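One structure below.
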Amino acid sequence: MPLYPPGPEQGFFDGLRSPLRHDPLGFMSRAAHDYGDIVCLRFFNLRTYLLFHPDQIEDVIVNNARKFIKGRILRANRHLLGNGLLTSEGDFWLRQRRMMQPAFHRTRIANYASTMTDCATRLLHSWQPGQQIDLHDAMMRLTLQIVGKTLFHADVERDAPQVGENLQVLLEYTMDFRRLLMTPRWLPTRRNRQAKRAVRDLTQIIDRIIQQRRDSNDDAGDLLSLLIHAQDEDGSRMTTQQLRDEALTLFLAGHETTASTLSWTWMLLAQNPRVEQKLHAELSSVLNGRTPTLDDLPRLPYTSHVITESMRLYPPAWAMARLAIEDHSLARYPVPKGTGIAAVTWIVHRDPRWYDNPEEFLPERWQSDLLKKIPRFAYFPFGYGPRQCIGNSFALMEAQLVLATIAQQFRFTPLPNHPVIPLPSLTLRPRHGFHVQTEQRSSPPV
Ligand code: HEM
């Protein structure tokens, strides 16, 4: 079997202590540095191409999207995650996407702005100056509350701790590649049983919420109402099973991603006082202590650049995976049906070919239309093409409003002896959380 230069074939899983498993980001950086833009990995008969060049990523994700489906890990977890937007394929996916798209339209999500700032305000009122907290944990609870309130209105509040815990079990379980390969899912191991229990609990909670909403026939103005009333072209609506799968998917996809974006942003601000001061100056001059609204966002360009730059350095979706369902050829290399593809956002976003001083946190780089000067897939935190994130406007609005609300009142000093280490699981999150001491900047508005 010929090797595919410039990348050699590496043992994908050369023992359980493989560098890919223990330090995936370091492994990918070395692979890109040593072998170039395409690297082929092999584990027994499974081949995966790592892609580090925007043009080749665009070729797979957009130009030849019909030849690829979602990657092995997501597919292997469909029995847990259900057949929601993230995992479904083909005509079924298209029908669901068309039905759900209106729920994420800018005009519709504009209604959620005040929910986002209310939740953030409530959180910061719970903090005392000088208090030591795990800020990542706080961001996880906040974004779960926001996605719960906007999806399910107030219904989810009392279930929030249980929902959060169960989602966490699922997130960790679905990303355990070793378990996926080594442990059949019917084996009653502790983790298999835990994951099944998490799905059962979440299903019960979501079903109860759907049933209550159907019984009351209310249009609560939230996503769930929209999904219940959404109609296909032939007038049919979603079944309870479909509603449940989509609801679980939105909880999973829309919760940790935004929380991680916020956590990395707080860390970068703490490490870069110049940027932090500039952010504070913009917030003071535009908002002067009041809670931001959606209409304020266009007048807060630096705040927006801070988020854009934070997602460049720490993209929550740090890699995007696909599986070839037809033979393809990529930059002269054959990609036979069954080959895996990983488009590695983490590497592309730090490539000096597209970014000056790529390791530096420089929100200013976005001031002069950088996006128009670099290849489309040199910056793709939400993906592009047919499977692009449906929640991208929702997430950007949420991240900017939460940042503007909290940064006016508090800044955070990282605690010594709590190193912040990126953990590339389903999303890129801080492995041991982000432990900080809070510092009140001004009195909360009355
Ligand atoms: C900063 C926050 C977020 C990031 C970085 C992010 C990133 C992504 C990426 C990269 C994809 C595409 C993956 C691919 O092509 O394989 C995706 C898909 C998706 N995201 Fe997001 N996301 C975020 C927030 C959200 C939110 C808030 C929601 C919903 C409330 C959401 C719901 C979804 C769904 C349902 C999909 C699947 C879309 C489809 O295949 O049709 N995401 N996300």
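Sequential numbering of the sequence shown, starting at 107, is according to my numbering.
Just so you know, even glycine gets a beta-carbon here, dropped at the ideal spot from N, CA and C.
Quantities reported herein were computed from a predicted structural model and do not represent experimental measurements.
- Residue pairing from DSSP places Q238 in a beta bridge opposite Q543.
- For R201, the closest of A266, D338 and S220 by C-alpha to C-alpha distance is D338.
- In this structure, the straight-line span from the alpha carbon of I453 to that of L374 is close to 18 Å.
- In the structure shown, C495 falls within a coil segment according to DSSP collapsed to helix, strand and coil.
- Each of G444, R343 and F516 was checked against the Cα of P235, and the nearest Cα belongs to F516.
- If you check the CB distance, L329 and A219 do not come in under 8 Å.
- Secondary structure note for Y155: its beta strand (DSSP E) is the uninterrupted segment L152 to L157.
- Bounds of the beta strand (DSSP E) holding H434 are H434 to L436.
- With 16 or more neighbouring CB atoms inside 10 Å of its own CB, A138 falls in the buried class.
- Within the region 358-416, the complete alpha helix (DSSP H) segments at least 4 residues long are 362-377 and 379-393, listed from N- to C-terminus.
- A heavy atom of the ligand HEM is found nearer than 7 Å to the CB of M426.
- Secondary structure note for V526: it is in no beta strand (DSSP E), with a DSSP letter that is neither H nor E.
- Contact holds between the region 222-242 and the region 530-546, because three or more Cβ pairs, one in each stretch, are under 8 Å apart.
- For the pair of segments examined, the region 475-482 was found to touch the region 156-172: the number of CB pairs separated by less than 8 Å reaches three.
- Considering only H259, G196 and E352, the residue with the shortest C-alpha distance to L187 is E352.
- Cα atoms of S474 and D462: separation of roughly 14 Å, rounded to the nearest angstrom.
- Here DSSP, grouped into helix, strand and coil, assigns K478 to helix.
- Across the structure, I447 and Y420 are spaced so that their CA atoms are roughly 21 Å apart.
- For A427, the enclosing beta strand (DSSP E) begins and ends at M426 to A430.
- Taking C-beta atoms as the reference points, A226 and L250 fail to come closer than 8 Å.
- If you ignore the 5 residues before and after D325, its C-beta comes within less than 6 Å of the C-beta of S331, all in its own chain and listed in chain order.
- Within the model, the alpha-carbon separation for N170 versus T371 is close to 34 Å.
- Residues L250 of the same chain have their beta carbon placed closer than 6 Å to that of G270, with the five preceding and five following residues left out of the count.
- In this structure, the C-beta of G446 stays at least 7 Å away from each heavy atom of the ligand HEM.
- Residue A430 holds the alpha-carbon nearest to the alpha-carbon of T154 among T533, A430, R459 and W472.
- Excluding residues up to 5 positions away in sequence, L156, V450, W452 and I453 lie with their Cβ nearer than 7 Å to the Cβ of M134 in the same chain.
- Around the beta carbon of I527, fewer than 16 other beta carbons lie within 10 angstroms, which makes this residue exposed.
- In the DSSP assignment, I512 forms no beta bridge with any residue.
- In this structure, I413 is the residue among I413, Y279 and D433 with its C-alpha nearest to the C-alpha of V381.
- When the five nearest sequence neighbours on each side are left out, the beta carbons in the same chain lying within less than 7 Å of the beta carbon of I252 are those of T221, M222, C225 and E504, in order along the chain.
- Per DSSP, G446 is one residue of the beta strand (DSSP E) stretching across G446 to A449.
- Assignment of L534 by DSSP, reduced to helix, strand and coil, places it in the strand class.
- Between the ligand HEM and the CB of Q162, the shortest heavy atom gap is not smaller than 7 Å.
- When the Cα atoms are used, A336 and R343 turn out to be separated by approximately 6 Å.
- If only uninterrupted alpha helix (DSSP H) runs of at least 4 residues are considered, those enclosed by the region 196-234 are 196-206, 212-215 and 219-231.
- Taking 8 Å as the upper bound for CB-CB distance, T280 and L436 are not in contact here, some 27 Å apart.
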